[in-house]
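So the structure is just underneath, and the comments pick up after that.
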Amino acid sequence: MVEGLSLPTGSLARLRSSLRTSLFRNSFFLLLSSAFGSGLGFLFWLAVAQSYPAADVGRAATVFGVVLFLAGAGSLGLPYGIIRFLPSEADKASLVKSALVASGVASGILGLRFLMGLSLWSPPLAFLQSDPALAAACVLSVVGFALGIVLDATFVASRRAGFGTIRTVTFGATRLPIPLLLAGSFGILGVFLAWSAALFVSLIVGAFVLLPRVATGYRALPSAEAPRAKGIFRYSLWNHATAITAAIPLSLLPLVILNSPEPTGGAEASAFFFAAAAIGGVIYVVPYAFTTSLFVEGSHPEASFARDTRHAIGFSVAFLVTGVLVAVALGRWILRFFGPAYSGAGYESLVILALASPLVLANNVFMTRLRVSKRVRPLFAIVAATSAASIVLAYAFLPMWGIAGAAAAFGLGQAFTAPLFALETKWNGSKRTTG
74 MVEGLSLPTG SLARLRSSLR TSLFRNSFFL LLSSAFGSGL GFLFWLAVAQ
124 SYPAADVGRA ATVFGVVLFL AGAGSLGLPY GIIRFLPSEA DKASLVKSAL
174 VASGVASGIL GLRFLMGLSL WSPPLAFLQS DPALAAACVL SVVGFALGIV
224 LDATFVASRR AGFGTIRTVT FGATRLPIPL LLAGSFGILG VFLAWSAALF
274 VSLIVGAFVL LPRVATGYRA LPSAEAPRAK GIFRYSLWNH ATAITAAIPL
324 SLLPLVILNS PEPTGGAEAS AFFFAAAAIG GVIYVVPYAF TTSLFVEGSH
374 PEASFARDTR HAIGFSVAFL VTGVLVAVAL GRWILRFFGP AYSGAGYESL
424 VILALASPLV LANNVFMTRL RVSKRVRPLF AIVAATSAAS IVLAYAFLPM
474 WGIAGAAAAF GLGQAFTAPL FALETKWNGS KRTTG
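This note's numbering puts the last residue of the sequence shown at 508; the count rises by one with no breaks.
Shown next, in the form of C-alpha coordinates:
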(Lines of atoms letter the chains of each structure in order from A and count residues from 1; the text may use other names and numbers.)
(Lines give C-alpha, C1' and ligand atoms only; values in the text may rest on other atoms or scores of the structure.)
Protein backbone atom coordinates (compact mmCIF):
# COMPACT_ATOMS: atom_id res chain seq x y z
CA MET A 1 0.00 0.00 0.00
CA VAL A 2 2.84 2.38 0.85
CA GLU A 3 4.52 1.58 -2.48
CA GLY A 4 1.27 2.29 -4.29
CA LEU A 5 1.13 5.74 -2.72
CA SER A 6 4.73 6.61 -3.48
CA LEU A 7 4.11 7.74 -7.06
CA PRO A 8 1.33 10.26 -6.35
CA THR A 9 3.16 11.42 -3.24
CA GLY A 10 6.33 11.96 -5.27
CA SER A 11 4.38 13.74 -8.00
CA LEU A 12 2.75 15.98 -5.42
CA ALA A 13 6.15 16.81 -3.95
CA ARG A 14 7.48 17.71 -7.41
CA LEU A 15 4.43 19.88 -8.03
CA ARG A 16 4.93 21.71 -4.74
CA SER A 17 8.59 22.20 -5.57
CA SER A 18 7.69 23.63 -9.00
CA LEU A 19 5.20 26.04 -7.47
CA ARG A 20 7.99 27.48 -5.31
CA THR A 21 10.22 28.31 -8.29
CA SER A 22 10.87 31.87 -9.42
CA LEU A 23 9.32 30.92 -12.78
CA PHE A 24 5.93 30.25 -11.22
CA ARG A 25 6.23 33.02 -8.63
CA ASN A 26 6.97 35.66 -11.28
CA SER A 27 4.16 34.32 -13.49
CA PHE A 28 1.70 34.35 -10.60
CA PHE A 29 2.42 37.99 -9.77
CA LEU A 30 2.21 38.99 -13.44
CA LEU A 31 -1.24 37.40 -13.59
CA LEU A 32 -2.14 39.08 -10.31
CA SER A 33 -1.00 42.47 -11.63
CA SER A 34 -3.19 42.02 -14.71
CA ALA A 35 -6.17 41.06 -12.55
CA PHE A 36 -5.74 43.98 -10.15
CA GLY A 37 -5.01 46.42 -12.96
CA SER A 38 -8.11 45.40 -14.91
CA GLY A 39 -10.38 45.24 -11.86
CA LEU A 40 -9.33 48.54 -10.33
CA GLY A 41 -9.35 50.16 -13.77
CA PHE A 42 -12.94 49.03 -14.32
CA LEU A 43 -13.99 50.47 -10.95
CA PHE A 44 -12.20 53.75 -11.71
CA TRP A 45 -13.97 54.29 -15.02
CA LEU A 46 -17.25 53.19 -13.48
CA ALA A 47 -16.80 55.93 -10.84
CA VAL A 48 -15.91 58.43 -13.56
CA ALA A 49 -18.95 57.47 -15.64
CA GLN A 50 -21.26 58.03 -12.67
CA SER A 51 -19.73 61.39 -11.72
CA TYR A 52 -19.05 63.15 -15.04
CA PRO A 53 -21.00 63.94 -18.23
CA ALA A 54 -20.72 61.30 -20.95
CA ALA A 55 -18.88 63.72 -23.24
CA ASP A 56 -16.18 64.32 -20.60
CA VAL A 57 -15.88 60.58 -19.99
CA GLY A 58 -15.39 59.96 -23.70
CA ARG A 59 -12.73 62.65 -24.04
CA ALA A 60 -10.88 61.51 -20.90
CA ALA A 61 -10.95 57.85 -21.94
CA THR A 62 -9.65 58.74 -25.39
CA VAL A 63 -6.79 60.80 -23.96
CA PHE A 64 -5.96 58.03 -21.49
CA GLY A 65 -5.71 55.49 -24.32
CA VAL A 66 -3.46 57.80 -26.32
CA VAL A 67 -1.30 58.47 -23.25
CA LEU A 68 -0.76 54.73 -22.74
CA PHE A 69 0.09 54.26 -26.42
CA LEU A 70 2.63 57.11 -26.39
CA ALA A 71 4.15 55.80 -23.15
CA GLY A 72 4.59 52.37 -24.69
CA ALA A 73 6.20 53.89 -27.78
CA GLY A 74 8.41 56.10 -25.62
CA SER A 75 9.72 53.13 -23.66
CA LEU A 76 11.79 52.31 -26.80
CA GLY A 77 11.48 48.60 -26.11
CA LEU A 78 13.87 49.01 -23.17
CA PRO A 79 11.76 46.71 -20.95
CA TYR A 80 12.87 43.85 -23.23
CA GLY A 81 16.47 45.01 -22.98
CA ILE A 82 16.21 45.27 -19.19
CA ILE A 83 14.89 41.72 -18.88
CA ARG A 84 17.56 40.29 -21.20
CA PHE A 85 20.62 42.26 -20.04
CA LEU A 86 20.03 43.15 -16.38
CA PRO A 87 20.60 39.66 -14.87
CA SER A 88 24.19 39.49 -16.19
CA GLU A 89 24.97 43.21 -15.79
CA ALA A 90 27.46 44.00 -13.01
CA ASP A 91 26.39 47.63 -12.59
CA LYS A 92 22.64 47.11 -12.40
CA ALA A 93 21.93 50.55 -10.92
CA SER A 94 23.53 52.40 -13.84
CA LEU A 95 21.74 50.27 -16.42
CA VAL A 96 18.34 50.88 -14.82
CA LYS A 97 18.98 54.60 -14.37
CA SER A 98 20.08 55.01 -17.99
CA ALA A 99 16.98 53.15 -19.22
CA LEU A 100 14.75 55.37 -17.09
CA VAL A 101 16.38 58.54 -18.43
CA ALA A 102 16.20 57.38 -22.07
CA SER A 103 12.55 56.35 -21.85
CA GLY A 104 11.67 59.51 -19.91
CA VAL A 105 13.23 61.80 -22.52
CA ALA A 106 11.75 59.89 -25.49
CA SER A 107 8.25 59.75 -24.01
CA GLY A 108 8.41 63.43 -23.05
CA ILE A 109 9.26 64.37 -26.64
CA LEU A 110 6.41 62.21 -27.95
CA GLY A 111 3.98 63.74 -25.45
CA LEU A 112 4.93 67.28 -26.43
CA ARG A 113 4.79 66.46 -30.14
CA PHE A 114 1.34 64.94 -29.70
CA LEU A 115 0.14 68.02 -27.83
CA MET A 116 1.54 70.45 -30.40
CA GLY A 117 -0.10 68.67 -33.33
CA LEU A 118 -3.57 68.11 -31.87
CA SER A 119 -5.24 70.57 -34.21
CA LEU A 120 -3.92 68.50 -37.12
CA TRP A 121 -4.57 64.88 -36.14
CA SER A 122 -7.27 65.17 -33.48
CA PRO A 123 -9.19 68.47 -33.45
CA PRO A 124 -11.72 67.21 -30.85
CA LEU A 125 -8.84 66.99 -28.34
CA ALA A 126 -7.53 70.50 -29.07
CA PHE A 127 -9.05 71.64 -25.76
CA LEU A 128 -5.89 70.23 -24.11
CA GLN A 129 -3.85 73.03 -25.69
CA SER A 130 -5.96 75.79 -24.14
CA ASP A 131 -5.61 74.59 -20.54
CA PRO A 132 -2.03 74.54 -19.15
CA ALA A 133 -3.02 72.20 -16.30
CA LEU A 134 -4.55 69.65 -18.68
CA ALA A 135 -1.59 69.94 -21.04
CA ALA A 136 0.92 69.42 -18.23
CA ALA A 137 -1.03 66.47 -16.81
CA CYS A 138 -1.13 64.87 -20.26
CA VAL A 139 2.62 65.17 -20.98
CA LEU A 140 3.68 64.22 -17.45
CA SER A 141 1.38 61.19 -17.60
CA VAL A 142 3.05 60.00 -20.80
CA VAL A 143 6.46 60.27 -19.11
CA GLY A 144 5.21 58.70 -15.89
CA PHE A 145 3.65 55.66 -17.54
CA ALA A 146 6.82 55.10 -19.60
CA LEU A 147 8.92 55.17 -16.42
CA GLY A 148 6.46 52.77 -14.81
CA ILE A 149 6.87 50.31 -17.67
CA VAL A 150 10.66 50.31 -17.21
CA LEU A 151 10.34 49.99 -13.42
CA ASP A 152 8.02 47.00 -13.71
CA ALA A 153 10.36 45.32 -16.20
CA THR A 154 13.21 45.81 -13.73
CA PHE A 155 11.22 44.08 -11.00
CA VAL A 156 10.34 41.20 -13.33
CA ALA A 157 13.97 40.85 -14.50
CA SER A 158 15.06 40.69 -10.85
CA ARG A 159 12.55 37.90 -10.17
CA ARG A 160 10.55 40.26 -7.98
CA ALA A 161 7.40 40.71 -10.05
CA GLY A 162 5.52 41.09 -6.77
CA PHE A 163 6.98 44.59 -6.51
CA GLY A 164 5.25 45.41 -9.79
CA THR A 165 2.00 44.14 -8.29
CA ILE A 166 2.50 46.47 -5.32
CA ARG A 167 3.00 49.41 -7.67
CA THR A 168 -0.06 48.44 -9.74
CA VAL A 169 -2.27 48.19 -6.65
CA THR A 170 -0.89 51.49 -5.31
CA PHE A 171 -1.77 53.24 -8.56
CA GLY A 172 -5.20 51.65 -8.91
CA ALA A 173 -6.29 52.11 -5.31
CA THR A 174 -4.97 55.68 -5.02
CA ARG A 175 -6.74 56.99 -8.11
CA LEU A 176 -10.09 55.34 -7.32
CA PRO A 177 -11.63 57.94 -4.95
CA ILE A 178 -10.10 61.09 -6.50
CA PRO A 179 -12.61 61.61 -9.36
CA LEU A 180 -15.47 61.48 -6.85
CA LEU A 181 -13.81 64.14 -4.69
CA LEU A 182 -12.94 66.49 -7.55
CA ALA A 183 -15.97 66.08 -9.83
CA GLY A 184 -17.83 69.15 -8.60
CA SER A 185 -14.88 71.54 -8.59
CA PHE A 186 -12.50 70.60 -11.40
CA GLY A 187 -14.61 69.09 -14.17
CA ILE A 188 -12.68 66.89 -16.60
CA LEU A 189 -9.43 68.06 -14.99
CA GLY A 190 -10.44 65.94 -11.99
CA VAL A 191 -10.09 62.78 -14.09
CA PHE A 192 -6.65 63.85 -15.33
CA LEU A 193 -5.51 64.77 -11.83
CA ALA A 194 -6.78 61.43 -10.51
CA TRP A 195 -4.56 59.28 -12.69
CA SER A 196 -1.66 61.76 -12.63
CA ALA A 197 -1.56 61.99 -8.82
CA ALA A 198 -1.96 58.23 -8.41
CA LEU A 199 0.76 57.61 -10.99
CA PHE A 200 3.11 59.98 -9.13
CA VAL A 201 2.50 58.14 -5.84
CA SER A 202 3.09 54.73 -7.45
CA LEU A 203 6.34 55.97 -9.04
CA ILE A 204 7.57 57.29 -5.69
CA VAL A 205 6.88 53.89 -4.13
CA GLY A 206 8.50 52.07 -7.05
CA ALA A 207 11.60 54.24 -7.50
CA PHE A 208 12.42 55.16 -3.90
CA VAL A 209 11.13 52.22 -1.86
CA LEU A 210 11.16 49.12 -4.08
CA LEU A 211 13.81 49.71 -6.76
CA PRO A 212 16.78 50.08 -4.34
CA ARG A 213 16.00 46.54 -3.13
CA VAL A 214 16.70 45.02 -6.55
CA ALA A 215 19.33 47.43 -7.95
CA THR A 216 22.08 47.72 -5.37
CA GLY A 217 23.56 51.20 -5.22
CA TYR A 218 20.65 52.80 -7.05
CA ARG A 219 20.10 56.48 -6.32
CA ALA A 220 17.24 58.37 -7.95
CA LEU A 221 19.45 61.11 -9.39
CA PRO A 222 19.60 62.18 -13.05
CA SER A 223 22.25 60.55 -15.20
CA ALA A 224 23.19 60.98 -18.84
CA GLU A 225 25.40 57.91 -18.87
CA ALA A 226 24.59 55.44 -21.64
CA PRO A 227 23.94 51.82 -20.66
CA ARG A 228 27.12 49.78 -20.58
CA ALA A 229 25.40 46.59 -21.76
CA LYS A 230 26.57 46.22 -25.35
CA GLY A 231 23.81 46.26 -27.92
CA ILE A 232 20.94 46.91 -25.52
CA PHE A 233 19.41 49.76 -27.55
CA ARG A 234 19.55 47.85 -30.84
CA TYR A 235 18.14 44.75 -29.15
CA SER A 236 15.39 46.77 -27.46
CA LEU A 237 14.31 48.57 -30.64
CA TRP A 238 14.06 45.34 -32.63
CA ASN A 239 11.92 43.82 -29.89
CA HIS A 240 9.88 47.01 -29.74
CA ALA A 241 9.15 46.77 -33.45
CA THR A 242 8.28 43.10 -33.05
CA ALA A 243 5.83 43.77 -30.21
CA ILE A 244 4.07 46.50 -32.18
CA THR A 245 3.86 44.27 -35.26
CA ALA A 246 2.55 41.32 -33.23
CA ALA A 247 -0.27 43.49 -31.89
CA ILE A 248 -1.45 44.46 -35.38
CA PRO A 249 -3.93 41.60 -36.06
CA LEU A 250 -6.14 41.95 -32.99
CA SER A 251 -5.73 45.74 -33.05
CA LEU A 252 -6.64 46.21 -36.72
CA LEU A 253 -9.16 43.41 -37.31
CA PRO A 254 -12.01 45.53 -35.87
CA LEU A 255 -11.03 48.24 -38.38
CA VAL A 256 -10.94 45.69 -41.22
CA ILE A 257 -14.43 44.55 -40.22
CA LEU A 258 -15.67 48.14 -39.92
CA ASN A 259 -14.48 48.94 -43.44
CA SER A 260 -16.09 45.82 -44.92
CA PRO A 261 -19.62 45.96 -46.36
CA GLU A 262 -22.62 44.71 -44.44
CA PRO A 263 -23.98 42.25 -43.49
CA THR A 264 -20.67 40.48 -42.78
CA GLY A 265 -18.91 43.75 -41.91
CA GLY A 266 -19.81 47.21 -40.69
CA ALA A 267 -19.96 49.00 -37.35
CA GLU A 268 -22.12 46.47 -35.49
CA ALA A 269 -20.04 43.52 -36.68
CA SER A 270 -16.90 45.35 -35.57
CA ALA A 271 -18.39 45.87 -32.11
CA PHE A 272 -19.32 42.18 -31.83
CA PHE A 273 -15.79 41.12 -32.76
CA PHE A 274 -14.23 43.66 -30.40
CA ALA A 275 -16.21 42.20 -27.48
CA ALA A 276 -15.15 38.65 -28.36
CA ALA A 277 -11.51 39.71 -28.74
CA ALA A 278 -11.59 41.56 -25.41
CA ILE A 279 -12.72 38.40 -23.61
CA GLY A 280 -10.31 36.22 -25.58
CA GLY A 281 -7.53 38.62 -24.64
CA VAL A 282 -8.05 37.70 -21.00
CA ILE A 283 -7.11 34.10 -21.87
CA TYR A 284 -4.03 35.31 -23.75
CA VAL A 285 -2.73 36.93 -20.55
CA VAL A 286 -1.74 33.41 -19.42
CA PRO A 287 0.84 32.65 -22.15
CA TYR A 288 2.10 36.24 -21.87
CA ALA A 289 2.69 35.91 -18.13
CA PHE A 290 4.41 32.52 -18.23
CA THR A 291 6.57 33.24 -21.28
CA THR A 292 7.61 36.60 -19.83
CA SER A 293 8.72 34.76 -16.72
CA LEU A 294 10.43 32.18 -18.95
CA PHE A 295 12.23 35.07 -20.69
CA VAL A 296 13.50 36.22 -17.29
CA GLU A 297 14.73 32.76 -16.32
CA GLY A 298 16.42 32.25 -19.69
CA SER A 299 18.27 35.54 -19.21
CA HIS A 300 19.88 34.30 -15.99
CA PRO A 301 23.08 32.41 -16.91
CA GLU A 302 22.61 29.77 -14.23
CA ALA A 303 19.08 28.80 -15.29
CA SER A 304 18.06 25.63 -17.15
CA PHE A 305 16.06 27.00 -20.08
CA ALA A 306 14.88 23.58 -21.30
CA ARG A 307 13.53 22.65 -17.85
CA ASP A 308 11.90 26.03 -17.38
CA THR A 309 10.30 25.79 -20.83
CA ARG A 310 8.67 22.49 -19.89
CA HIS A 311 7.39 23.97 -16.64
CA ALA A 312 6.08 27.12 -18.34
CA ILE A 313 4.19 25.07 -20.93
CA GLY A 314 2.79 22.74 -18.27
CA PHE A 315 1.55 25.55 -16.04
CA SER A 316 0.12 27.47 -19.00
CA VAL A 317 -1.76 24.51 -20.46
CA ALA A 318 -3.56 23.94 -17.17
CA PHE A 319 -4.81 27.53 -17.17
CA LEU A 320 -5.61 27.55 -20.89
CA VAL A 321 -7.74 24.41 -20.69
CA THR A 322 -9.77 26.11 -17.98
CA GLY A 323 -10.07 29.26 -20.07
CA VAL A 324 -11.23 27.37 -23.17
CA LEU A 325 -13.83 25.43 -21.18
CA VAL A 326 -15.15 28.66 -19.64
CA ALA A 327 -15.34 30.31 -23.08
CA VAL A 328 -17.26 27.37 -24.55
CA ALA A 329 -19.60 26.84 -21.60
CA LEU A 330 -20.17 30.42 -20.45
CA GLY A 331 -19.19 32.50 -23.47
CA ARG A 332 -22.75 33.42 -24.45
CA TRP A 333 -23.55 34.46 -20.89
CA ILE A 334 -20.39 36.58 -20.60
CA LEU A 335 -21.01 38.28 -23.94
CA ARG A 336 -24.54 39.14 -22.83
CA PHE A 337 -23.03 41.70 -20.44
CA PHE A 338 -22.19 43.77 -23.53
CA GLY A 339 -25.77 43.49 -24.75
CA PRO A 340 -28.27 40.82 -25.88
CA ALA A 341 -27.13 40.93 -29.52
CA TYR A 342 -23.50 40.24 -28.58
CA SER A 343 -24.34 36.81 -27.17
CA GLY A 344 -25.35 35.31 -30.49
CA ALA A 345 -23.20 37.34 -32.85
CA GLY A 346 -19.89 37.11 -31.00
CA TYR A 347 -19.96 33.59 -29.55
CA GLU A 348 -18.40 31.72 -32.49
CA SER A 349 -15.58 34.26 -32.72
CA LEU A 350 -14.92 33.97 -28.98
CA VAL A 351 -14.71 30.18 -29.15
CA ILE A 352 -12.35 30.30 -32.15
CA LEU A 353 -10.09 32.82 -30.41
CA ALA A 354 -10.10 30.71 -27.24
CA LEU A 355 -9.21 27.56 -29.20
CA ALA A 356 -6.29 29.48 -30.75
CA SER A 357 -4.75 30.08 -27.31
CA PRO A 358 -2.49 26.96 -27.41
CA LEU A 359 -1.05 28.28 -30.68
CA VAL A 360 -0.48 31.66 -29.04
CA LEU A 361 1.35 29.85 -26.23
CA ALA A 362 3.52 27.84 -28.64
CA ASN A 363 4.48 30.92 -30.62
CA ASN A 364 5.26 32.91 -27.49
CA VAL A 365 7.59 30.11 -26.37
CA PHE A 366 9.37 30.23 -29.75
CA MET A 367 9.56 34.03 -29.51
CA THR A 368 11.05 33.78 -26.05
CA ARG A 369 13.70 31.34 -27.29
CA LEU A 370 14.75 33.81 -29.97
CA ARG A 371 14.78 36.71 -27.51
CA VAL A 372 16.97 34.78 -25.11
CA SER A 373 19.32 33.89 -27.98
CA LYS A 374 19.28 37.56 -29.11
CA ARG A 375 18.09 36.53 -32.59
CA VAL A 376 15.78 39.50 -32.88
CA ARG A 377 15.89 40.11 -36.65
CA PRO A 378 14.43 36.73 -37.67
CA LEU A 379 11.94 37.15 -34.82
CA PHE A 380 10.70 40.41 -36.34
CA ALA A 381 10.57 38.93 -39.86
CA ILE A 382 8.48 35.94 -38.77
CA VAL A 383 6.06 38.04 -36.73
CA ALA A 384 5.66 40.53 -39.60
CA ALA A 385 4.84 37.70 -42.02
CA THR A 386 2.30 36.29 -39.58
CA SER A 387 0.56 39.61 -39.00
CA ALA A 388 0.35 40.25 -42.74
CA ALA A 389 -1.08 36.77 -43.32
CA SER A 390 -3.76 37.31 -40.66
CA ILE A 391 -4.93 40.58 -42.22
CA VAL A 392 -4.96 39.18 -45.78
CA LEU A 393 -6.89 36.09 -44.68
CA ALA A 394 -9.38 38.26 -42.81
CA TYR A 395 -10.20 40.17 -45.99
CA ALA A 396 -10.67 36.83 -47.78
CA PHE A 397 -12.79 35.15 -45.08
CA LEU A 398 -15.03 38.04 -44.03
CA PRO A 399 -17.36 37.92 -47.06
CA MET A 400 -17.88 34.18 -46.55
CA TRP A 401 -18.06 33.73 -42.78
CA GLY A 402 -18.37 37.17 -41.24
CA ILE A 403 -16.55 37.95 -38.00
CA ALA A 404 -16.03 34.24 -37.32
CA GLY A 405 -13.89 34.31 -40.47
CA ALA A 406 -11.84 37.16 -39.00
CA ALA A 407 -11.27 35.09 -35.85
CA ALA A 408 -10.31 32.10 -38.00
CA ALA A 409 -7.87 34.32 -39.90
CA PHE A 410 -6.15 35.19 -36.63
CA GLY A 411 -6.00 31.51 -35.65
CA LEU A 412 -4.59 30.46 -39.02
CA GLY A 413 -2.04 33.25 -38.79
CA GLN A 414 -0.88 31.78 -35.48
CA ALA A 415 -0.81 28.29 -37.02
CA PHE A 416 1.25 29.66 -39.91
CA THR A 417 3.80 31.07 -37.45
CA ALA A 418 4.78 27.87 -35.65
CA PRO A 419 6.36 26.13 -38.71
CA LEU A 420 8.34 29.29 -39.48
CA PHE A 421 9.74 29.33 -35.96
CA ALA A 422 10.53 25.61 -36.21
CA LEU A 423 12.39 26.16 -39.49
CA GLU A 424 14.35 29.06 -38.00
CA THR A 425 15.36 26.87 -35.07
CA LYS A 426 16.40 24.07 -37.43
CA TRP A 427 18.52 26.41 -39.56
CA ASN A 428 20.16 28.36 -36.76
CA GLY A 429 20.04 25.84 -33.95
CA SER A 430 18.84 26.46 -30.41
CA LYS A 431 22.01 28.18 -29.26
CA ARG A 432 21.67 30.37 -26.21
CA THR A 433 23.70 33.56 -26.07
CA THR A 434 24.31 34.89 -22.60
CA GLY A 435 25.61 38.17 -21.32
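Don't be surprised by glycine CBs; every beta carbon is placed ideally from N, CA and C.
Fewer than three pairs of CB atoms, one per stretch, sit closer than 8 Å, so the segment 271 to 281 makes no contact with the segment 301 to 318. Taking a C-beta distance under 8 Å as the contact criterion, F392 and V433 do not qualify as a contact pair.
Per DSSP, the continuous alpha helix (DSSP H) segment holding R157 begins and ends at 151 to 158. Beyond the five residues adjoining it in sequence on each side, I425 comes within less than 7 Å, by CB distance, of A477, A480, A481, G484 in the same chain, given in chain order.
If you check the CB distance, V229 and T365 come in under 8 Å. According to the DSSP assignment, G147 belongs to the alpha helix (DSSP H) that extends over 127 to 147.
Taking C-alpha positions only, A172 is separated from R450 by approximately 22 Å. When Cβ pairs closer than 8 Å are counted between the two stretches, the segment 328 to 339 is seen to touch the segment 464 to 471, the count reaching three or more. When rounded, the separation of the alpha-carbon atoms in A144 and S180 is 6 Å. Annotated three-state conformation of R307 is helix, per DSSP.
Judged by DSSP in its simplified three-state form, A172 adopts helix. If you draw a straight line from the Cα of A267 to the Cα of P252, it is about 6 Å long.
S176 has its alpha-carbon roughly 6 Å from the corresponding atom of A219. Between G260 and the set Q123, F494, F115, G419, the nearest pair of CA atoms involves Q123. When Cβ pairs closer than 8 Å are counted between the two stretches, the segment 185 to 200 is seen not to touch the segment 320 to 328, the count staying below three.
Around A414, the same chain offers E341, F345 as residues with beta carbons nearer than 8 Å, after the five sequence neighbours per side are excluded. DSSP places K447 in no alpha helix (DSSP H); its state is neither H nor E. Rounded to whole angstroms, L103 and I317 show a C-alpha spacing of 20 Å.
With 16 or more neighbouring CB atoms inside 10 Å of its own CB, P160 falls in the buried class. In chain order, W311, N312, T315, M440, L443, R444 place their CB closer than 8 Å to the CB of L452, counting only its own chain and leaving out the 5 sequence neighbours on each side. G354 and S463 have their C-alpha atoms spaced approximately 17 Å apart. Here P152 is buried. Its C-beta has 16 or more other C-beta atoms within 10 Å. With contacts defined by Cβ atoms closer than 8 Å, V287 and R248 do not form a contacting pair. Here the C-alpha atom of V121 lies approximately 10 Å from the C-alpha atom of L255. Inclusion of Y361 and N437 in the CB contact set at 8 Å is warranted, their separation being smaller than that value.
Excluding sequence positions up to five before and after G114, its CB lies within less than 7 Å of the CB of G245, all in the same chain and listed in chain order.
Here the alpha carbon of F410 sits roughly 18 Å from the alpha carbon of I356. By the C-beta density criterion, T289 is exposed, having fewer than 16 other C-beta atoms within 10 angstroms.
Cα atoms of A454 and P492: separation of roughly 14 Å, rounded to the nearest angstrom. Bounds of the alpha helix (DSSP H) holding S111 are 95 to 124. With respect to the 8 Å criterion, S309 and G221 are not classified as neighbours on the basis of their beta carbons. S167 is positioned such that its CB atom lies no closer than 8 Å to that of V223. Straight across, the Cα-Cα distance linking A226 with G475 is about 39 Å. C211 and V140 have their C-alpha atoms some 7 Å from each other.
The three-state reading of DSSP puts I261 in coil, since its state is none of H, G, I, E or B.
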